[in-house]
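K.L.:
Dumping the structure here so I can ask a few things about it.
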Amino acid sequence: MLPDDSALEPEALGKGQPEFVRREFRKAVMNVRDACHPRAILVIFGNHDWGSSVVAMKELADENLVVILDHRTPFEGGGLRFLGYSCTPPTPWFVKDFERLDLPGDVAPLLGGARWDPRFSKAMAHASPLIYKEVPTIADELAELRAPPQPWVLVAHAPPFGTNLDRSYKGDSWGSRAVRAAIEKHQPLLSLHGHVHESPVVSGSYMQRLGKTVAINPGQARDSLRYVLIEIREADGEIGDIVHGQQV
Numbered sequence: 002m003l004p005d006d007s008a009l010e011p012e013a014l015g016k017g018q019p020e021f022v023r024r025e026f027r028k029a030v031m032n033v034r035d036a037c038h039p040r041a042i043l044v045i046f047g048n049h050d051w052g053s054s055v056v057a058m059k060e061l062a063d064e065n066l067v068v069i070l071d072h073r074t075p076f077e078g079g080g081l082r083f084l085g086y087s088c089t090p091p092t093p094w095f096v097k098d099f100e101r102l103d104l105p106g107d108v109a110p111l112l113g114g115a116r117w118d119p120r121f122s123k124a125m126a127h128a129s130p131l132i133y134k135e136v137p138t139i140a141d142e143l144a145e146l147r148a149p150p151q152p153w154v155l156v157a158h159a160p161p162f163g164t165n166l167d168r169s170y171k172g173d174s175w176g177s178r179a180v181r182a183a184i185e186k187h188q189p190l191l192s193l194h195g196h197v198h199e200s201p202v203v204s205g206s207y208m209q210r211l212g213k214t215v216a217i218n219p220g221q222a223r224d225s226l227r228y229v230l231i232e233i234r235e236a237d238g239e240i241g242d243i244v245h246g247q248q249v
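In terms of the working numbering, the sequence shown opens at residue 2 and continues consecutively.
What follows is the structure, given as structure tokens:
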């Protein structure tokens, strides 16, 4: 969600993002509120985001500017309920605050990285086995998820594994098996994803059904905004029109 802090400047790691949240991101939120008058602006984090940014985002949440979604406490608005999950399986990238092993028994990758350590107010680099040993797996965390009454929406940064939504440029699946299992078990009306930004171009589709769930990854590009507009009929709790677009 937030711009990277360069790994080439160790002393700056994890410190630029919180200031971006407090200044630039706050301005963007205010602009959206003024222009659209939304019922709520819901956010989750992603694998390039530092743990230090959570504190800054909570400041915005305390001002009722945003709602930070998690997988434990549903947010209700507009006749819908929302749960969110920010973590992804391991990636080659340096920031590891929102990375987890996908399933129990998965082997940690060779590459390590860094997590934000609030005790020292700095990012600390660690070898891969230590990074992933200190946190539960995605499957363990999503085992805590209790599906709210329908209609509800899951917002998960990692797309479900083995779908149209998680294809890399090489055609590999980079999604989460645990996220897919949670969707197939709990069957939200809708699930929203990102992370593998090229997938809709590679697979030719931004959407896939998993049982009764419509799963969506709009994709992203460096030179344009890609988006999906979704109509949900509040009266019957069903999905209406879905429009996939691109703003040049």
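The C-beta atom is built at its ideal place from N, Cα and C for all residues, glycine as well.
Every value quoted in this text rests on a predicted model; they were computed, and no experiment measured them.
#1: Along the chain, where does the beta strand (DSSP E) containing Phe76 start, and where does it finish?
#2: Skipping 5 residues on each side, what residues in its chain have a beta carbon closer than 6 Å to that of Leu191?
#3: Alpha carbon to alpha carbon, how far is Gly85 from Gly163?
#4: Ile139 by DSSP, collapsed to three states: which one?
#5: So Lys123 is in the beta strand (DSSP E); what residue range does that whole segment cover?
#6: With a threshold of 6 Å on Cβ separation, who are the neighbours of Ala1 within its own chain once the five nearest residues in sequence on each side are excluded?
#7: From the DSSP output, read off the bridge partner residues of Pro161.
#8: Please list the terminal residues of the continuous beta strand (DSSP E) segment that includes Ser192.
#9: Count the other CB atoms within 10 Å of the CB of Arg120; is the residue buried (16 or more) or exposed (fewer)?
#10: Quick one: Cα of Ile217 to Cα of Ile184, how far?
#11: Within this structure, are the beta carbons of Pro19 and Ser54 separated by less than 8 Å?
#12: Rounded C-beta distance between Gly172 and Val202? I'm assuming under 8 Å.
#13: So the candidates are His194, Arg73 and His38; which of them puts its Cα closest to the Cα of Leu143?
#14: Under 8 Å, do Pro91 and Thr138 count as touching if we go by C-beta distance?
#15: Alpha carbon to alpha carbon, how far is Ser169 from His198?
#16: Do Arg227 and Gln209 have their C-beta atoms within less than 8 Å of each other?
#17: With a threshold of 7 Å on Cβ separation, who are the neighbours of Trp117 within its own chain once the five nearest residues in sequence on each side are excluded?
#18: My output table needs one value for Ile184: the three-state DSSP class, helix, strand or coil.
#19: Among residues of its own chain, excluding the 5 on either side of Val180, which ones have a beta-carbon nearer than 6 Å to its beta-carbon?
#20: Using beta carbons (cut-off 8 Å, strictly below), is Val244 in contact with chain C?
#21: Helix or strand or just coil, what does DSSP make of Ile132?
#22: Using a threshold of 8 Å, state whether the C-beta atoms of Ser87 and Pro110 are closer than that.
#23: What would DSSP say about Glu199, mapped onto helix, strand or coil?
#24: Please state whether DSSP places Glu25 in a helix, a strand or coil.
#25: Could you pull out every residue in the same chain whose Cβ sits closer than 6 Å to the Cβ of His127, ignoring the five residues on either side in sequence?
P.N.:
Once the coordinates are examined:
#1: Phe76 to Gly78
#2: Val154 and Val215
#3: 20 Å
#4: helix
#5: Lys123 to His127
#6: This structure cannot settle anything about residue 1, because the visible part of the chain is limited to 2 through 249.
#7: Ser177
#8: Leu191 to Leu193
#9: exposed
#10: 12 Å
#11: yes
#12: Incorrect: roughly 12 Å between the Cβ atoms, too far for contact.
#13: Arg73
#14: no
#15: 8 Å
#16: no
#17: Gly15, Trp51, Gly52, Ser53, Asp98 and Ala124
#18: helix
#19: Ala157, Ala159 and Pro161
#20: Annotation note: the requested chain C is absent from the structure, which comprises a single protein chain.
#21: helix
#22: no
#23: coil
#24: helix
#25: Gly113
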